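Protein chains in written order, with the numbering used here: chain G, 1 to 289; chain U, 1001 to 1357.
Glycine included, every Cβ here is placed at the ideal spot set by N, Cα and C.
Note that the coordinates shown come from a computational prediction; the quantities given were computed from them, not determined experimentally.
Structure (C-alpha cells):
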C-alpha cells in the first residue's frame, strides 16, 4: 500500500524539471512551431479554403446529395465496423492474454498485418478474393450478392484495416490484470457470462473504448483500401475521403475543402472524446498492486 | 467438511508438480501445506478448488467426489496471494458478489445479502470500509476483505494460497494470529499454503511438508519440529548447521572429529551421515563442560534483537558454526570477537542418505 500511494502521488505531482530555462524555452518553442506548421496551419487552411467563396457555397457543397450520401455511407461503415471490431478485439485479446496455446506468438504477430500491409494492397486482396474473377466471387454474383464496388466491400476493407486497434489496446491491459479476478469470481460461483459482464468487461472498459475510438477515427478516414474496392460510384459507394478526392481531381477545390471540414470535424470530435476519456482513466483508474 | 485427496498426480512438461499425493484433512482442521516454492503446494490447492485439473487421482469433499466438478460448483472459498479483489467493485459489492451471482431461485433477498455482508465485514473488522474501493485499502485490509468475500458463500472448505506473503512482517504476524482466532471461532475446514515455516508452525493444527510434489512428513507442528522425518524436513523447518560425515560406532565422524549422536546408534555403519544442529541448540561457554566439547574462536557477533548470533571457527570443521544464544547469557559471558569458547554439540540429529532442497 505504501508503494501504491507513493506511486499515485508521483503520478499526480508534476515531474520535477532540472533543465535550465533556456532549454525549456527552446523545446517548447520548437514543439509549438512544429504544431503551427504541421497542424494548425493546414487545419486553418482547410476551413479557409472551404469558406473562400462564402458560407452559401460552403453549405451548398456539404448539403449536396452526393456529399450527404458520402457522409451517410461513411457513418454506416463506421457503425458496422466499430462494434464488429470491438467484439473481435475483445475475443482476440482474451484468447491471447488469458490462455496459452500453440501458435499464439504467430497470432500476435499477424495481428499487426493490417498495419504493415499498405491499405491499397489490402483493398486489392479483397477485389481479387471477392471479385468476379474467382469462383467464390462469381458464385456470390450468381446469387445476387454484390460485395466489391458496393457497401459490403467497403465495410470488409475497413474491417481489415482497423481490426488491430481494439485488440492491440486490450492485450497489454488484460495481460497486466492477469486472471486472478476471474478465477476469484469462478470460485464464488459465477458463470462464464457473469464473469465477463461483471468482472472482465468493467476492468477493460476504458481500454476498450479507447480502442474503439481509434478504430472509429481510422474507419472514417480510411482512403486506400476503400478506394480500391469502392468503384467510386457517386451517391452509391463514395465515402467522405473518396468524395473529397473526386471533387479535388475535378478542380472543384472549394467543395473539396468544404467536405473536408466534415472529416476534420469528425476527427476533432474523436479527439475530444479521447481526451475526456483519458482524464477519466487518470482519475478513476484504481491500481491493485 | 472433510477433504480426502487420493493419489493425486499432476505433470507439466518438464516436471512433476504432484506425485501421487494422498492426504486427509479432518473436519474443522486448519492444515498448512509447507514447502519451498515450486514444490507443488499451490498446484494442490488449485486442484482442490477446481482451478486446475489433475492428471489422475481424486478429491473427495465429505464423501462426494468433486474431482471433475467445475470450479464454480465446488463451493470452496479461495483466498489469493495478491488478494484478487474486484477492483471496480467496492468492499460491499466484493463481499456480496458470490451471493449476487446465484441463480434467482437460490439467491438471498437484498436485505439478506446486506445483513450477511455486514455481518462478515464485522467479523473481519472491516465494516468501517464498506464503501471503499480495494485501491483505497492497505494489503492487510484487502486480504481481510478477500477472506470475508470467500466466506460469504458459506464454503465447505477454505483454501488460502500464501495469504500473507505479500504483506510486511508486522502485518503478517498480526493477521496470522487474527486468522487463527477467526478459525477457532468459525471452524471451517481450511488449508493454507505457505513457504514460511514460522507461519506454519504458529498457525496450523497440522503441517504437511511437501517437496518436489511429494509429502515428506505430516503431523502436529511441535511433532514435526521436534521429530523431523528426514533431513529435508529438518532443514526446511529452520536454520541449521550441517556436517557431512560417516557413521562410526553410533557417532558421526566429520573430518577428524567424532560427533556424539545418541539416536544414531541404529544407523548402518560407515554409511554417509549428515549431522544437523540448530543454532539455538548449540551450547557456548567459557569453560569446558564435557569431553565432547569443541574449542572454537568467535569470528563474528551478530545482534539479532533478543538473540545473539555467533559465528564460531573450529579446528575440526572447515565451515564456521552458526550459534544463537540468548542476549543475557551473552552478556554474562562477556563474549567478544576473537574470544575462545567451548562449544557443546550434543543435540545433533543424524540422517543418512542424500537429500536436496
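Using the beta-carbon count (16 or more within 10 Å), is residue 1304 of chain U buried or exposed?
Translated into positions along the second chain, residue 1304 of chain U becomes position 304. Burial call: exposed.
Could you check how far apart the C-beta atoms of residue 1006 of chain U and residue 1043 of chain U are, in whole angstroms? I think they sit under 8 Å.
Locating residue 1006 of chain U in the second chain gives position 6, counting from the first residue. Locating residue 1043 of chain U in the second chain gives position 43, counting from the first residue. Contact flag wrong, Cβ pair sits at about 16 Å.
Buried versus exposed call for residue 1026 of chain U [16 or more other C-beta atoms within 10 Å across all chains shown]:
Here residue 1026 of chain U is taken as the residue at index 26 of the second chain, counted from 1. So residue 1026 of chain U ends up on the exposed side.
Consider the Cβ of residue 277 of chain G: report whether some Cβ of chain U lies at a distance smaller than 7 Å.
Here residue 277 of chain G corresponds to residue number 277 of the first chain, with the count starting at 1. Not an interface residue.
Cut-off 8 Å between Cβ atoms - residues of its own chain near residue 1052 of chain U, not counting five sequence neighbours on either side:
Your numbering for residue 1052 of chain U matches position 52 in the second chain. Residues 1010, 1043, 1046 of the same chain have their beta carbon placed closer than 8 Å to that of residue 1052 of chain U, with the five preceding and five following residues left out of the count.
In this structure, what does DSSP give as the bridge partners for residue 247 of chain G?
Here residue 247 of chain G refers to the residue found at position 247 when the first chain is read from its first residue. DSSP lists no bridge partner for residue 247 of chain G.
Have a look at G/37, G/91, G/128, G/27 and flag the residue whose alpha-carbon is nearest the alpha-carbon of residue 225 of chain G.
The residue you call residue 225 of chain G lines up with position 225 of the first chain. Selected option, being the one with the closest Cα: G/128.
For the putative contact between residue 1215 of chain U and residue 1208 of chain U, defined by C-beta atoms under 8 Å, what is the C-beta separation to the nearest angstrom?
The residue given as residue 1215 of chain U occupies position 215 in the second chain. The residue given as residue 1208 of chain U occupies position 208 in the second chain. So it is a contact: roughly 6 Å between Cβ atoms.
Member of U/1188, U/1241, U/1234, U/1181 whose CA lies at the smallest distance from the CA of residue 1062 of chain U:
For the purposes of this step, residue 1062 of chain U is taken as residue 62 along the second chain, with counting starting at 1. Among U/1188, U/1241, U/1234, U/1181, the Cα nearest to that of residue 1062 of chain U is on U/1188.
Return yes when at least one heavy atom of the ligand GTP lies under 6 Å from the C-beta of residue 120 of chain G, else no.
Among the components of this structure there are no ligands whatsoever, and the ligand GTP is therefore not found.
Along chain U, which residues have their Cβ under 9 Å away from the Cβ of residue 183 of chain G?
Position 183 of the first chain, counting from 1, holds the residue named residue 183 of chain G. Per Cβ cutoff of 9 Å: 1046, 1049, 1051, 1071, 1078, 1080, 1084.
For residue 200 of chain G, which residues of its own chain have a beta-carbon under 7 Å away from its beta-carbon, when the five flanking residues on both sides are left out?
Stepping through the first chain from its first residue, residue 200 of chain G is reached at position 200. Here the set comprises 182.
DSSP beta-bridge partners for residue 1323 of chain U?
Residue mapping note: residue 1323 of chain U aligns to position 323 of the second chain, counting from 1. U/1310, per the DSSP bridge assignment.
For residue 1098 of chain U, which residues in chain G fall below 9 Å Cβ to Cβ?
Sequence index remark: in the second chain, residue 1098 of chain U carries index 98 (1-based). Neighbourhood of residue 1098 of chain U in chain G, by CB distance below 9 Å: 185, 187, 188, 189, 190, in chain order.
Mind pulling the chain G residues with CB within less than 8 Å of residue 1124 of chain U?
As a working note, residue 1124 of chain U is residue 124 in the second chain. By Cβ distance, chain G contributes nothing, its closest Cβ being about 16 Å from residue 1124 of chain U, past 8 Å.
What are the boundary residues of the alpha helix (DSSP H) that residue 138 of chain G is part of?
Counting from 1 along the first chain, the entry for residue 138 of chain G is found at position 138. Its alpha helix (DSSP H) spans residues 135–142.
Name the chain U residues that come within less than 7 Å of residue 199 of chain G, Cβ to Cβ?
Looking up residue 199 of chain G in the first chain gives position 199. In chain order: 1086.
Sequence-distant residues of the same chain with beta carbon closer than 8 Å to residue 280 of chain G, five excluded per side
For the purposes of this step, residue 280 of chain G is taken as residue 280 along the first chain, with counting starting at 1. Taken in chain order, the residues that qualify are 206.
Closest to residue 1072 of chain U by C-alpha separation, out of G/46, G/121, G/185, would be which residue?
Position 72 of the second chain, counted from the first residue, corresponds to residue 1072 of chain U. Answer by Cα proximity: G/185.
With 7 Å as the C-beta to C-beta threshold (strictly closer), list the residues of the segment 1100–1122 of chain U near chain G in chain order.
1101, 1102
Identified DSSP bridge partners for residue 1351 of chain U
Walking along the second chain from the start, residue 1351 of chain U turns up at place 351. Paired residue(s): U/1274.
Sequence-distant residues of its chain with Cβ nearer than 7 Å to residue 35 of chain G (five each side left out):
Indexing the first chain from 1 puts residue 35 of chain G at position 35. Cβ-Cβ distances below 7 Å link residue 35 of chain G to nothing in the same chain once the five nearest sequence neighbours on each side are left out.
7 Å Cβ cut-off: residues of chain U touching residue 194 of chain G:
The residue you call residue 194 of chain G lines up with position 194 of the first chain. Correct list: 1101.
What did DSSP end up calling residue 1053 of chain U once you bin it into helix, strand or coil?
Here residue 1053 of chain U refers to the residue found at position 53 when the second chain is read from its first residue. Note: residue 1053 of chain U maps to coil in three-state DSSP.
Who are the Cβ neighbours of residue 1098 of chain U in its own chain at under 6 Å, not counting the five residues just before and after it?
Position 98 of the second chain, counted from the first residue, corresponds to residue 1098 of chain U. So the qualifying residues of the chain are 1152, 1153.
Taking CB distances under 7 Å as the criterion, tell me whether residue 290 of chain G reaches chain U.
The question about residue 290 of chain G has no answer, for chain G in this structure spans 1 to 289.
So, is residue 1348 of chain U buried or exposed, given that buried needs 16 or more other C-beta atoms within 10 angstroms?
Working through the second chain from its first residue, we reach residue 1348 of chain U at position 348. Buried: at least 16 other Cβ atoms inside 10 Å.
Burial state of residue 85 of chain G, where buried means 16 or more other Cβ atoms lie within 10 Å
For this step, residue 85 of chain G is matched to residue 85 along the first chain. With 16 or more other Cβ atoms within 10 Å, it is buried.
Name, in chain order, the residues that DSSP records as bridge partners for residue 96 of chain G.
To locate residue 96 of chain G, count along the first chain from 1; it is residue 96. Paired residues: none, contrary to the question.
According to DSSP, simplified to helix, strand and coil, what is residue 277 of chain G?
What you label residue 277 of chain G is simply residue 277 of the first chain in a count that begins at 1. In this structure, residue 277 of chain G counts as helix in the three-state DSSP scheme.
By the criterion of Cβ-Cβ separation under 9 Å, what are the contact partners of residue 1153 of chain U in chain G?
The residue given as residue 1153 of chain U occupies position 153 in the second chain. In chain order: 187, 188, 189.
Go to residue 1074 of chain U, then tell me how far its alpha helix (DSSP H) extends in each direction, as first and last residue.
Working through the second chain from its first residue, we reach residue 1074 of chain U at position 74. Per DSSP, residue 1074 of chain U belongs to the alpha helix (DSSP H) from 1071–1074.
Residues bridged to residue 1032 of chain U [DSSP beta-bridge criterion]:
Walking along the second chain from the start, residue 1032 of chain U turns up at place 32. Answer by DSSP bridge pairing, in chain order: U/1192, U/1207.
So, is residue 1161 of chain U buried or exposed, given that buried needs 16 or more other C-beta atoms within 10 angstroms?
Counted from its first residue, the second chain places residue 1161 of chain U at position 161. Counting the other CB atoms within 10 Å of its CB gives residue 1161 of chain U a total of 16 or more, which places it among the buried residues.
Residue 1215 of chain U - partner residues in DSSP beta bridges
Against the second chain, residue 1215 of chain U aligns to sequence position 215. Answer is U/1210, bridged to residue 1215 of chain U.
Among the candidates U/1204, U/1168, U/1075, U/1197, whose CA atom is the shortest distance from the CA of residue 1181 of chain U?
Along the second chain, read from residue 1 onward, the residue named residue 1181 of chain U stands at position 181. Cα-wise, what sits closest to residue 1181 of chain U is U/1204.
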